[in-house]
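So the structure is just underneath, and the comments pick up after that.
Protein chains: 4
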Amino acid sequence: MQEFIQKIIADNKKYIEKGTLPAYIPELTKAKKEALGLSIVMLDGKEYHGGDHRYKFTIQSISKVITLLLALEEKGEEYVFSKVGMEPTGDPFNSMLKLETVRPSKPFNPMINAGAIAISSMIEGRSSMGKVEKLLAFFRQITDNPDLTINENVYLSEKRTGDRNRALAYFMKDVGVIDKDVEGSLDVYFKQCAIEVTTQDIARIGAFLANDGIDLKTGKTLVHKKHIKIAKTFMFTCGMYNASGEFAINVGIPAKSGVGGGILATVPGKMGIGIVGPSLDDKGNSIAGIQMIRDLSEKYKLSIL
Amino acid sequence: MQEFIQKIIADNKKYIEKGTLPAYIPELTKAKKEALGLSIVMLDGKEYHGGDHRYKFTIQSISKVITLLLALEEKGEEYVFSKVGMEPTGDPFNSMLKLETVRPSKPFNPMINAGAIAISSMIEGRSSMGKVEKLLAFFRQITDNPDLTINENVYLSEKRTGDRNRALAYFMKDVGVIDKDVEGSLDVYFKQCAIEVTTQDIARIGAFLANDGIDLKTGKTLVHKKHIKIAKTFMFTCGMYNASGEFAINVGIPAKSGVGGGILATVPGKMGIGIVGPSLDDKGNSIAGIQMIRDLSEKYKLSIL
Amino acid sequence: MQEFIQKIIADNKKYIEKGTLPAYIPELTKAKKEALGLSIVMLDGKEYHGGDHRYKFTIQSISKVITLLLALEEKGEEYVFSKVGMEPTGDPFNSMLKLETVRPSKPFNPMINAGAIAISSMIEGRSSMGKVEKLLAFFRQITDNPDLTINENVYLSEKRTGDRNRALAYFMKDVGVIDKDVEGSLDVYFKQCAIEVTTQDIARIGAFLANDGIDLKTGKTLVHKKHIKIAKTFMFTCGMYNASGEFAINVGIPAKSGVGGGILATVPGKMGIGIVGPSLDDKGNSIAGIQMIRDLSEKYKLSIL
Amino acid sequence: MQEFIQKIIADNKKYIEKGTLPAYIPELTKAKKEALGLSIVMLDGKEYHGGDHRYKFTIQSISKVITLLLALEEKGEEYVFSKVGMEPTGDPFNSMLKLETVRPSKPFNPMINAGAIAISSMIEGRSSMGKVEKLLAFFRQITDNPDLTINENVYLSEKRTGDRNRALAYFMKDVGVIDKDVEGSLDVYFKQCAIEVTTQDIARIGAFLANDGIDLKTGKTLVHKKHIKIAKTFMFTCGMYNASGEFAINVGIPAKSGVGGGILATVPGKMGIGIVGPSLDDKGNSIAGIQMIRDLSEKYKLSIL
């Protein structure tokens, strides 16, 4: 496998040139565009790495999966889905359309920004700092990496330019989806997006999902299996922005991408995959990353369908 | 005319029952639902009043007309219309749809909330308090009423519950329509909406517009004639929320309503009309007020078409 | 006036280059792009002409005004507006959006294609040929031109490529706005759009509207005054596609344009104006024509506001 | 298993009362509302049946899966997806919104009506009758049921009231998605929807998909494995109208429902499931059918995630 990882990285270097860095978060344009890294974590704990697997990038939308798990654990399925829907939406990740046109007004799923902000607003805690601490602890536990921290520059950059997310949040406050302090909820959201990771961290999250929420090391169940199933299903139906359908057909495994260039993928019962490649296509997905995971899926027949 | 005013008020009392007070601004539900008042100001300065013409109500969306005039005077036509369009929109006054779906993203006109907030953000001044002071001075000059003030309770109520307007404002910040402090701009907007008036004040604004921007008392031109024309045209094409087309056909004079129950109307070269009736129809227009102005228009053949 | 007409035509020749002919109706691309004509008919019957006033073009959307009048006369206001609304819409003339998103589903006004097709479907008659004959007779009466006929090539071209209009019509059949034979209704619509006119014909229609529905020659009332008022109001609020608001501000008179390059305008109590200039702007309005009518309006202070 | 099938049917009888028959296709309201049937076909050919498994119903939208397979076989992936997308859409199955608002204009996937009609228009053949014959032969082969035919009454009922589908088709003709005769394409579509089946037929289709396109009896590959994978993925992401996301989470197997009350489901490598229950929920899915398949999935742990 180690060998194939090297080959995949070499084969897909050429795609880097075709993508771009996301200009709407100024700090992200400082990323190393040509970075390309891949980590795989098997359920027996064995880890494989290749390329820039030590390159640090912010987790961005991949965090939506983990925050969803925490909200499900804290508040339960019924509450979570009273506020956020379960359906894919063909609209861009930052769209407000359906909030206005579909009744009752409720974000369609937790993978689009509106839904993710609503989920972040559910995390319990006295202060937004307390909520972020708890969230960070949960991330550290799942990745078995006590050093995970927030990239302050990226956080501040997103907070400064996050007016579209602010618009989504205030709209949801108006219609009762968010019933708490909007700026505090946004703060949690901006911070969770700015958590800095490597492909190893991401692959470990993938393995944790593949292992149905059971810690690989300790064997302890950290998250209910049903909640893990929910997360994997959302990853499969709407994890890759509005290229999710195409990805499901061509790759066929639950995955979630972020505009930091990361892709989290999970092969149920088999492995977790972490990828980084900051150069994005026009949907917001790592352009080389998608090709790499496609190659992996074909080689090892990972598709679940 | 005095007599006909009494008759109109008596005739239309029956409509009050059919309408409601706007629940989304809690403070407005304290209004006197059965109030009904009418004032007419002729261009020679003669004034006629009937019913609850001393009843105080907040000006709400009627303020959009005057703020537009001030912005046009301060920034000029070219600047104003680089940020806000000139077209009616068939959408509700608080809609965000077209901001997302039409390129370039720009509120369609200054009579919908998005456009009005953009206009308020243009008013020049060091602080939002300074801007409000200037705006208030302008209102006082046009109404010849130095006692006009802001109803603090209504202002605070709108500020507290104004999350939909906040969503509109942050969206516009994101797309560059608003380039200043959003909360400050909203503060100006919430305050202008909470200016407390009587039908006399409103009728005087109507007479000022009917007189092409020339002060009735002093004969001094306060606003460019072209700017007055622009305001009257917007009132005609989109002054009555999304019942503007119906109103244009059935009444046929430029008018602007507010959810405080007021209606401002202007008959070019003839008179200004101020109406109050806080009980609203489902579009947000005074239900008895619309009937009263329709009766007036038919009796005195005021329609411009 | 004759002199000023010449000057206007000369002054605005330059705009022709900036526009285009409408490619979606192949036959219309055969029009003489550089034609520019203007006719004015005063209410005393005096007529002024300039430029290519003998140039023949198809009436296209301008026909919507006359068909609306006939439908109002035949079916009455109540019936007509039970099927078609009175509100401007900020959407393109061929949009289906609001039919799907706004309840009850009903075209917003008779000037957009959906509304105009619904109006055409109301014209009474045993066959679509009979309806078209009646419509043509009505056009001939108003223009005092017994020679008006349909341009068969344009009619067939529109029929052949009119799938978007077909989509609108079938959607309206589905929701009950159209309760008759769809293809027959479309046939009436395509034929009314293909009536061939000169600026003289158009100016006479404008004078007829300006004269409140009274035949200039015979003094006989052909159309109820209220129906004329309705037509003029729609022209003012939504006659120039989605540049109607801008036109209302800059020109200020009721007008209706067609993609054949014609513009019909009416100055209440004063005159009718007919313009042709087949080169269109991106909204579908004659690019030089709009400038010509703007010059006319400024010179003779024709704006109604 | 036979026993559990009986139990499931008994347990879910109660849901029948809560649903309704689809009024927009008059002929479908004649269905036996209380019918409830279930068939399961294992990959070794073993079949289990329960309840009204001999009840005949029209296949409706379930046919979209099979027509897609035929189109993929005839025209190839590249051509098919040049005309129809791969993405779920949060809109109702008969929506036109995205055709107008998203560029390039192309139905989002083959499971919504617009996409399915586009797919039907691709089937090759000299006449629409020839295409339908070919399609029917394909259905008969997959179900191993040479007696499958079209319910003429349902076909004619849908043809007569199918104006919304007609609107979709003409819109797609206008934008170039459909390049052939619209009425002919609709005829194929209406007929494929009116094919009459039992749960046994449906379960056999499910087994064929579960067996990767290999005929259970003959062992011959009838459809490319990649095409089967595409169909299964669409079933998983958008097979249950706009309750697909919820179904994916709660049931977790690829499925497709039709307004005739049928549900097709496939458990990769294991079995095919056919269900009928004509009483529908507000999304258009069999209300008892969904519960039955949920029970099955839980009992036998069929979820793929």
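As given, the protein sequences belong to chains A, B, C and D, one line each in that order. Everything in the first sequence is counted per our numbering, starting at 1 for the first residue and increasing by one. Everything in the second sequence is counted per our numbering, starting at 306 for the first residue and increasing by one. Everything in the third sequence is counted per our numbering, starting at 611 for the first residue and increasing by one. Everything in the fourth sequence is counted per our numbering, starting at 916 for the first residue and increasing by one. Every residue gets a Cβ at the ideal spot worked out from N, C-alpha and C, and that includes glycine.
Residue environment analysis places residue 1037/D among the buried positions, since at least 16 neighbouring C-beta atoms fall within 10 angstroms of its C-beta. A contact between stretches requires three or more CB pairs, one per stretch, nearer than 8 Å, and the stretch 192–210 of chain A meets this requirement with the stretch 262–279 of chain A. One finds 170 in chain A with Cβ atoms closer than 7 Å to the Cβ of residue 471/B, taken in chain order. The three-state reading of DSSP puts residue 49/A in strand, counting E and B together. For residue 448/B, the enclosing alpha helix (DSSP H) begins and ends at 433–448. In chain order, 773 make up the part of chain C whose C-beta sits under 7 Å from the C-beta of residue 1088/D.
For the pair of segments examined, the stretch 1130–1146 of chain D was found not to touch the stretch 1203–1212 of chain D: the number of CB pairs separated by less than 8 Å stays below three.
With a threshold of 8 Å between beta carbons, residue 100/A makes contact with chain B. In this structure, residue 810/C lies away from residue 745/C, with their beta-carbon atoms at least 8 Å apart. Among the residues of the stretch 1160–1187 of chain D, those with a Cβ less than 8 Å away from any Cβ of chain A are 1160, 1161, 1163, 1164, 1167, 1169, 1183, in the order of the chain. Any Cβ of chain B closer than 8 Å to the Cβ of residue 95/A would place that residue at the interface, and such an atom is present. Rounded to the nearest whole angstrom, the C-alpha separation of residue 872/C and residue 887/C is 6 Å. Annotation: Cβ neighbours of residue 109/A in chain D (cutoff 9 Å, chain order): 1005, 1160. In this structure residue 778/C is buried. Its beta-carbon is surrounded by 16 or more other beta-carbon atoms within 10 angstroms.
Closest in alpha carbon position to residue 400/B, among 766/C, 702/C, 711/C, 755/C, is 711/C.
Taking 8 Å as the threshold, the shortest C-beta distance from residue 739/C to chain B does not fall below it.
Inter-residue distance for residue 107/A and residue 1161/D is about 14 Å (C-alpha atoms, whole angstroms).
Annotation: the continuous alpha helix (DSSP H) that includes residue 388/B extends over 368–388.
If you ignore the 5 residues before and after residue 1069/D, its C-beta comes within less than 6 Å of the C-beta of 942, 973, 1109, all in its own chain and listed in chain order.
Assignment of beta-bridge partners to residue 1186/D by DSSP yields 957/D, 1182/D. Ranked by Cα distance from residue 844/C, the first of 677/C, 649/C, 663/C is 677/C. With its beta carbon less than 8 Å from one in chain B, residue 843/C belongs to the interface.
If you check the CB distance, residue 88/A and residue 238/A come in under 8 Å. Between residue 707/C and the set 724/C, 833/C, 692/C, the nearest pair of CA atoms involves 724/C.
DSSP links residue 807/C through a beta bridge to 667/C. Contact between residue 376/B and residue 424/B is confirmed by a C-beta separation of about 5 Å, below the 8 Å threshold. Distances from the alpha-carbon of residue 934/D to those of 1039/D, 917/D, 949/D put 949/D closest. With a 10 Å radius around the Cβ and a threshold of 16 neighbouring Cβ atoms, residue 548/B comes out buried. Residue 476/B sits away from residue 140/A, with the two beta carbons spaced by 8 Å or more.
When the Cα atoms are used, residue 471/B and residue 99/A turn out to be separated by approximately 15 Å. Assigned with DSSP and collapsed to three states, residue 1177/D falls in strand.
Within a 10 Å sphere around the beta-carbon of residue 714/C sit fewer than 16 other beta-carbons, which makes this residue exposed. With respect to residue 592/B, residue 320/B sits close: the two C-beta atoms are nearer than 8 Å. According to DSSP, residue 952/D shares a beta bridge with 966/D, 1191/D.
Contact of residue 588/B with chain C is not assigned, every C-beta pair being separated by 8 Å or more. Every unbroken stretch of the alpha helix (DSSP H) spanning 4 or more residues and falling wholly within the stretch 916–950 of chain D is given here in chain order: 917–927.
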